[in-house]
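Chemist: Residue numbers (my numbering): 39 to 494. Structure below; questions to follow.
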Amino acid sequence: MASHYSFSQVTPQIEKLADMCVGNGRIDPELYAKYEVKRGLRDINGKGVLAGLTEISEIVSYTVEDNEMIPCDGKLFYRGYSISDLVAGFGKDKRYGFEEVTYLLLFGKLPNAKELDEFSALLADYRKLPTTFVRDIMMKSPSSDIMNSISRGVLTLFSYDDYPNDTSIPNVLRQSLELIALMPLIAVYGYQCKNYYLDGESFIIHQPVPEYSTAQNILHLLRPDSKFTELEAKVLDIALVLHAEHGGGNNSTFTTHVVTSSGTDTYAAIAAALGSLKGPKHGGANVKVTAMFEDMKQNVSDWTDENEITDYLTKLLHKEAFDKAGLIYGMGHAVYSISDPRANIFRSFVDKLAVEKGMEKELELYHLVERLAPRVISKERHIYKGVSANIDFYSGFVYSMLGIPMELYTPLFAIARISGWSAHRIEELANAGKIIRPAYKSVSGHRTYEALAERK
């Protein structure tokens, strides 16, 4: 007999009630057009509805000429700096970039050498979980889903904070820096607990190394022998940099703005963002890409045969292959059309890592799919803008080459994106805006109340 109450059963009664929910909850799709409702807060052409202003980052996917939108190669700016220039800058100096980019996103300026050293040291000082936190919080309730484990950890840290509800900017900044520093520990330790208690594997907990960058510490914490190559750490660092921020309109960042506008605490706001990112339509895309390629490798006999690859991609769109969802994962983006600048930057680092790992054959398969997929999609679907590989197309492949378990793919996204979330939370607080509360129009008719005895 179970020692705790189980929520795992969906009973016939619940099934019947669920049918009632759905049956009485469907809205005529034509009403969205009638009342000009922007579903998903996007126009018919895919352009986002303007919901706010930000100085933190900018996404450019088109130019305007004679009042006409002309698609262009995608560009991404952090605080006005091109992401390409930022990566080239710290790459030329052979430095890790995530700490520098985090500083830029939070404070709006690039740090000088002294400021960067002091900031990195501050993050290292904060990279310590409360005493017994791992034992009392993480080990006693291991979760099969690491994103849920992270959310619980973040919410629990509220109880260890002497000023958890103080939303003054200095206090929120202190909380944000602590969470940025602690997120890798919470994620990796959560995985180690799951690995031991639920999967029956060895339990290994390393302490972080103060001198290491965030990327180095992740590999150090995750691997039993703590060993990694310089290229491995550099490629992971680039992944963190490219995922750190992406405008205020992505789902999790917008969630951060919405929840922050209510006046709630930092831990609740970040937990809400984590809940958003966990969704497979947002943060889980690289998991789907990786699984899709594994299925492709099993069902395509010649990885170099363009016709065979094209046939498989066509089956994906026809819902005849993989998960039958009708999607080629990793292709296309809600904003970018011609190219995703993050994918363009990442591609060269992916190539180098594949050579070091001896996975050139798999790399060529990725390149071939990247080239063929847009043709297949444009042939099979009516699309209003171009289709190209996005950052998720390559990130899962990189994580697999680094030996990172799939359970940590989305958590790695969170480890990076908390820098952007924190900057946006502070921006929302600094501008003292109103609570974000969009309008919903009721399309339900009015009804006359019936006494209980008269109801059928």
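Every residue gets a Cβ at the ideal spot worked out from N, C-alpha and C, and that includes glycine. Just so we're clear, the structure is a prediction, and the values are computed from it rather than from any experiment.
1) Kindly list the residues whose CB is nearer than 8 Å to the CB of Tyr134, restricted to its own chain and excluding five residues on each side of it in sequence; keep chain order.
2) Could you give the distance in angstroms between the alpha-carbon of Met39 and the alpha-carbon of Pro248?
3) Excluding the 5 residues flanking His295 on each side, which residues of the same chain have their C-beta closer than 7 Å to its C-beta?
4) Would you kindly work out how many angstroms separate the C-alpha atoms of Gly322 and Arg485, rounded to a whole number?
5) Starting from Ile256, trace the alpha helix (DSSP H) both ways and give me its first and last residue.
6) Which one or two residues does DSSP pair with Phe115 in a beta bridge?
7) Measuring only from the beta carbon, is Ile366 closer than 7 Å to any heavy atom that is part of the ligand ADP?
8) Using the DSSP secondary-structure output, state which residues sit across from Thr101 in a beta bridge.
9) Going by C-alpha to C-alpha distance, which of Asn105, Thr342, Tyr305 sits closest to Arg212?
10) Could you give the residue range of the alpha helix (DSSP H) that holds Asn186?
11) CB-CB under 8 Å to His42, same chain, minus the five flanking residues each way: which ones, in chain order?
12) Using C-beta distances below 7 Å, list every residue in its chain close to Leu160, excluding the 5 sequence neighbours before and after it, in chain order.
13) So, helix, strand or coil for His42, using DSSP?
14) What do you reckon, are the CB atoms on Leu312 and Ser189 nearer than 8 Å?
15) So Thr49 is in the alpha helix (DSSP H); what residue range does that whole segment cover?
16) Roughly how many angstroms separate the alpha carbons of Ser457 and Ala363, rounded to a whole number?
17) May I have the straight-line CA-CA distance separating Ser95 from Asn186, to the nearest angstrom?
18) Would you say Ala282 and Leu144 are within 8 Å of each other, going by their C-beta atoms?
19) Taking 8 Å as the threshold (C-beta atoms), are Ser433 and Ile376 in contact?
20) From Glu488 to Asn289, what does the alpha carbon distance come to, in whole angstroms?
21) Quick check: the Cα distance between Leu366 and Phe171, rounded to an integer number of angstroms?
22) CA-CA distance, Ile65 and Asp81?
23) Verify whether the separation of the beta carbon atoms of Phe431 and Glu408 is less than 8 Å.
24) If you run the structure through DSSP and keep just helix, strand and coil, what is Arg133?
25) Less than 8 Å separating the beta-carbons of Pro168 and Lys232?
26) Are the beta-carbon atoms belonging to Tyr141 and Leu220 less than 8 Å from one another?
27) Could you please give the first and the last residue of the uninterrupted alpha helix (DSSP H) stretch that includes His295?
28) Using 8 Å for Cβ pairs, my map puts Arg117 next to Glu93. What's the rounded Cβ distance?
29) From the DSSP secondary-structure annotation, give me the bridge partner or partners of Gly86.
30) From the DSSP output, in three-state form, read off Arg493 for me.
31) Any idea what DSSP makes of Phe145, helix, strand or coil?
32) Check whether the Cβ atoms of Val414 and Leu351 sit closer than 8 Å, and answer yes or no.
33) Nearest-angstrom Cα distance between Pro449 and Lys132?
34) Can you have a look at Glu445 and say buried or exposed, based on whether 16 or more other CB atoms are within 10 angstroms of its CB?
35) Excluding the five sequence neighbours on either side, which residues of its own chain have a C-beta within less than 8 Å of the C-beta of Asn428, listed in chain order?
Modeler: Answer, in terms of the structure:
1) Phe128, Ser251, Thr252, Ala253, Gln254, Ala271, Lys272, Asp275
2) Unreliable placement is indicated for Met39, whose pLDDT of 34 sits below 50; the coordinate value is still reported in the next sentence. If I take the Cα positions, the gap works out to 47 Å.
3) Gly90, Gly286, His462, Glu466, Ile474
4) 42 Å
5) 252-260
6) Glu96, Ser120
7) Among the ligands in the structure shown, none appear at all, so the ligand ADP cannot be discussed.
8) Ile108
9) Tyr305
10) 184-195
11) Any reading at His42 needs caution, since the residue's pLDDT is 49, under 50, leaving its predicted position unreliable; the model's value is listed next. Nothing meets the Cβ criterion.
12) Leu215
13) Note on His42: pLDDT 49, under 50, position unreliable in the model; the coordinate value appears next. Correct three-state label for His42: coil.
14) yes
15) Counting along the chain, Thr49 falls outside any alpha helix (DSSP H), and DSSP gives it neither H nor E.
16) 32 Å
17) 28 Å
18) no
19) no
20) 41 Å
21) Strictly speaking, residue 366 in this sequence is Ile, with Leu absent from that position. Near 41 Å, if we compare the C-alpha coordinates of Phe171 and Ile366.
22) 19 Å
23) yes
24) coil
25) no
26) no
27) 289-299
28) 7 Å
29) Arg80
30) coil
31) helix
32) yes
33) 26 Å
34) buried
35) Ala323, Gly368, Met369, Gly370, His371, Tyr374, Asp378, Arg380, Ala381
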